[in-house]
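K.L.:
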Amino acid sequence: MVKHQPLQVYERQLCLSCLTGIYGCRWKRYQRSHDDTTKWEFLWSLILFFTFSLLLVWFYFWWEAHNDYNEFNWFLYNRSGEWSDGTVPILATTAAGFTYIAFLMILALCHIAVGQQLNLHWLHKIGVSAALLTTAIGFISVNQTWGEEWAVIPVSLQATGPFLHLGALVAVTALAWLVAGQIARTEKIRFQVVVLLLYLSVLLGLYMAPLSITSPCIMDHANLTPRPDVIGHQGAPMLAPENTILSFQRALQMNVSGLEADVAISFDGVPFLMRDRTLRRTTDVGKVFPARQLDDASTFNWTDLHSLNAGQWFLKDDPFWTVQSMAQREVMLVGNQGVCSLEQLLRLASLHNQTVVFSLRRPPHRHPCYHSWINDTLEVIRLSGIPQHMVMWTSDWDRGQVRQVAPGLQQTSVEKLPPQVLHQQGISSLLLRYSQASPYDIREFSRSNVSVTLYTVNEPWLFSVLWCSGVSSVSSEAPNILRKVPYPIWLMSPDEYCLIWVAADLISFTVVIGIFVFQNYHIIRWRLSGMHSYNPEQIMLSAAVRRSSRDVNIMKEKLIFSEVSNGVGSAEDLYMENGFDYYNNEGISH
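For the sequence shown, the positions run 10 to 599 when our numbering is used.
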């Protein structure tokens, strides 16, 4: 009569079948093996781990690059001529690929935990290869076309570094269970030493990692500078079409301290606001002047520009996914926006006592204002009535002449120069990309009385990091979001961080020691409990260190049956203790 096994054992076998079946399509008991993983499968395990690590970096990059999604879409538009949200397919494929590879990694770790041989199915090998290839292509493409965006990673680590360290410490501490189990099960001393040293090296590196983690948000609360001023870059382009009067009005409602725009010169010498070289993306030029939709925006006179609609594109493309939340009245206002002149912007800023900063683009070579574009712009500033000190002049062209005509303008450089050079050139402020100035640079410029404005800052975490760095102002496309950040997202003193660091290391060390003691005590207790009978199989097993895994497993089976005969424990208990598949080895009838 065959012995009927408890329900719990059947459940274990079902879980094991699912585990080996999904990973390697080994659904049957006779297909599973406790033998050592072959070198070929071990290589595929390394490829899987490398793919997971690469995808993890790729996923983190696009997660933190959210601050610059609009910049990426604008870059794609300039290359393709069509506006679309190119981040959607990238994020979808990244999420799918990362989930798939992470699932395979978990299955591989579970195989190791239960002592099963790793044998990745060929369909999964194709999937891993595809994920690795596409991710590598993605890295190369970003590096060649949007290489400056890689700088977001070191900047973001200033905000996430301490928390990523704690997460990594928890993960590696949890891996102690697998490592201790492998060391307890294996009979090869060299393998035990290598695995233990490798694990301890990684663990020690994590224990000491905070020595290399720097963040401006680790500071005494008393040293926190006042909240940076927020300048509306192109107004509030998440709430209204960029560079329109409505966009700047919405920015003023968000309590910004300044307005920023991109300025071009019309064919008849009127400075107007336009970011693109052409009018295709942000106006209905294709409908009103279909033959001229690819012409430079500066080749249109102001009458033609004033006749264009600059709001319907926003409702159609919905670049920030905000149109659906608008009221009907707001939709009507957005749809009726026109091209805005520089004079309109200056008068609006003067009325609300706001600073204005703009980037001035020189017209094409044969343009009537090719030589007079600076004077034409200065004349508009004079006629608008805005005080000169409220205008940040960023153009390096004829800066000496500009100082003579309008000495009160805030001379601003878009190039990062040493403070002494800036003072020599009469420049009092900088306008830089957020990745161009480190916390040290910001402090040095501040000591030299050079104000720094960093662009484009849309995410609260980035705003918080720059705030802790001491920056005086930021330019943002999302003043409506930054308005909700009255204080840095996180801020802790060095003593507080040191306490967290030491406590985390001590807890991790205690847990790791406990796991290793428990795993090894479990095996030692079983071995010592059977040594009273001086079974010859035990002596042979102890001497079988250098034999193959299959030979050792056979000896273990003999030893288990010997222990059952001596009354040490049941066959089921001893099989489970030693990582054996009970049903694979049972065929005994009583």
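Here a beta-carbon is modelled for each residue, glycine too, at the ideal position from N, C-alpha and C.
Looking at C-beta atoms only, is the number of pairs between the region 53–69 and the region 120–135 that lie closer than 8 Å three or more?
P.N.:
Touching, per the Cβ criterion.
K.L.:
Would you say L127 and E196 are within 9 Å of each other, going by their C-beta atoms?
P.N.:
Cβ atoms of L127 and E196: not closer than 9 Å.
K.L.:
Would you check if the distance between the CB atom of S256 and the CB atom of I240 is smaller than 9 Å?
P.N.:
No, these two residues do not count as a Cβ contact at 9 Å.
K.L.:
Using a Cβ-Cβ cutoff of less than 7 Å, which residues in the same chain neighbour Y506 once the five nearest sequence positions on both sides are dropped?
P.N.:
Same-chain partners within the cutoff: P171 and I227.
K.L.:
Whole-angstrom Cβ separation of C603 and L85, contact assumed at under 8 Å?
P.N.:
No answer is possible for residue 603: the residues shown for the chain start at 10 and end at 599.
K.L.:
Tell whether a beta-carbon distance below 9 Å holds between C378 and F281.
P.N.:
Cβ distance not < 9 Å, so C378 and F281 don't count as in contact.
K.L.:
Which ranges would you report for the alpha helix (DSSP H) in the region 153–232 if only whole runs of at least 4 residues count?
P.N.:
Listed in chain order, the complete alpha helix (DSSP H) runs (minimum 4 residues) inside the region 153–232 are 161–183, 185–194 and 198–217.
K.L.:
Alpha carbon to alpha carbon, what distance is there between N76 and N467?
P.N.:
C-alpha separation (whole angstroms): 5 Å.
K.L.:
Tell me, to the nearest whole angstrom, how far the beta carbon of L431 is from that of V459; I am working on the premise that it is less than 8 Å.
P.N.:
L431 to V459, Cβ: 6 Å. Contact.
K.L.:
Measure the C-alpha to C-alpha separation of I146 and Q337 and round it to an integer number of angstroms.
P.N.:
So the alpha carbons of these two residues sit roughly 44 Å apart.
K.L.:
So, are the CB atoms of W1 and L418 less than 9 Å apart?
P.N.:
Lying before the first or after the last residue shown, residue 1 is absent from the chain, which here runs from 10 to 599.
K.L.:
Beta-carbon separation of A218 and L354 under 9 Å?
P.N.:
Going by C-beta atoms, A218 is not nearer than 9 Å to L354.
K.L.:
In this structure, what does DSSP give as the bridge partners for D271?
P.N.:
DSSP output for D271 lists S368 as bridge partner(s).
K.L.:
So, is E158 buried or exposed, given that buried needs 16 or more other C-beta atoms within 10 angstroms?
P.N.:
With 16 or more Cβ atoms within 10 Å of its Cβ, E158 is classed as buried.
K.L.:
Could you give the DSSP three-state label for C34: helix, strand or coil?
P.N.:
Coil at C34, not helix or strand.
K.L.:
Check whether the Cβ atoms of W611 and D326 lie closer than 9 Å to each other.
P.N.:
Here the chain has residues from 10 to 599 only, and residue 611 is not among them.
K.L.:
Please determine, among A74, L52 and W186, the residue with the shortest C-alpha to C-alpha distance to N529.
P.N.:
The option with the nearest alpha carbon to N529 is W186.
K.L.:
If E352 sits next to L387, beta carbons under 8 Å apart, how far is it from one beta carbon to the other, in whole angstroms?
P.N.:
Contact doesn't hold; Cβ gap of about 12 Å is too wide.
K.L.:
Taking buried to mean at least 16 other C-beta atoms within 10 Å of its own C-beta, is N362 buried or exposed?
P.N.:
Exposed, by the Cβ-count rule.
K.L.:
Looking at C-alpha atoms only, which residue of G95, Y69 and V389 is the closest neighbour of V414?
P.N.:
Considering only alpha carbons, the answer is V389.
K.L.:
Tell me the DSSP secondary structure of F309 in three-state form.
P.N.:
In this structure, F309 counts as coil in the three-state DSSP scheme.
K.L.:
Can you give the Cα-Cα distance for L439 and V97, rounded to whole angstroms?
P.N.:
Rounded to the nearest angstrom, the two C-alpha atoms are 34 Å apart.
K.L.:
State the DSSP-derived secondary structure class of Y464, mapped to helix, strand or coil.
P.N.:
It is a strand residue.
K.L.:
With a threshold of 16 other CB atoms inside 10 Å of the CB of I274, please say whether the residue is buried or exposed.
P.N.:
Classification for I274: buried.
K.L.:
Would you say L116 touches the ligand HEM, meaning its beta carbon is less than 8 Å from a heavy atom?
P.N.:
With respect to small molecules bound, the structure shown includes none, and the ligand HEM cannot be examined in it.
K.L.:
According to DSSP, is T331 part of a helix, a strand, or is it coil?
P.N.:
Here T331 sits in coil by DSSP.
K.L.:
Mind pulling the alpha helix (DSSP H) runs of 4 or more residues that sit fully within the region 72–155?
P.N.:
Here the runs fully enclosed are 78–89, 96–123 and 131–154.
K.L.:
Determine whether the beta carbon atoms of V348 and N310 lie at a separation below 9 Å.
P.N.:
No. Outside cutoff.
K.L.:
Taking only three categories from DSSP, how would you classify F276?
P.N.:
Three-state result, F276: coil.
K.L.:
For G90, I'd like the list of residues in its chain whose CB is within less than 8 Å of its CB, leaving aside the five on either flank, ordered along the chain.
P.N.:
Cβ neighbours of G90 beyond the five flanking positions: R289.
K.L.:
Which residues does DSSP list as the beta-bridge partners of W402?
P.N.:
Answer by DSSP bridge pairing, in chain order: F367 and Q420.
K.L.:
Going by DSSP, name the residue or residues bridged to V483.
P.N.:
Per DSSP, V239 and L463.
K.L.:
Going by DSSP, what residue range makes up the beta strand (DSSP E) through S438?
P.N.:
Unbroken beta strand (DSSP E) run through S438: S438 to R442.
K.L.:
When DSSP builds the beta bridges, which residues end up paired with G347?
P.N.:
Bridge partners of G347: N318.
K.L.:
Express the C-alpha separation of G295 and R301 in angstroms, rounding to a whole number.
P.N.:
Looking at the two C-alpha atoms, the distance is approximately 8 Å.
K.L.:
What first and last residue would you give for the alpha helix (DSSP H) that runs through F262?
P.N.:
Checking the sequence shown, residue 262 turns out to be Gln, not Phe. I254 to Q262 is the extent of the alpha helix (DSSP H) around Q262.
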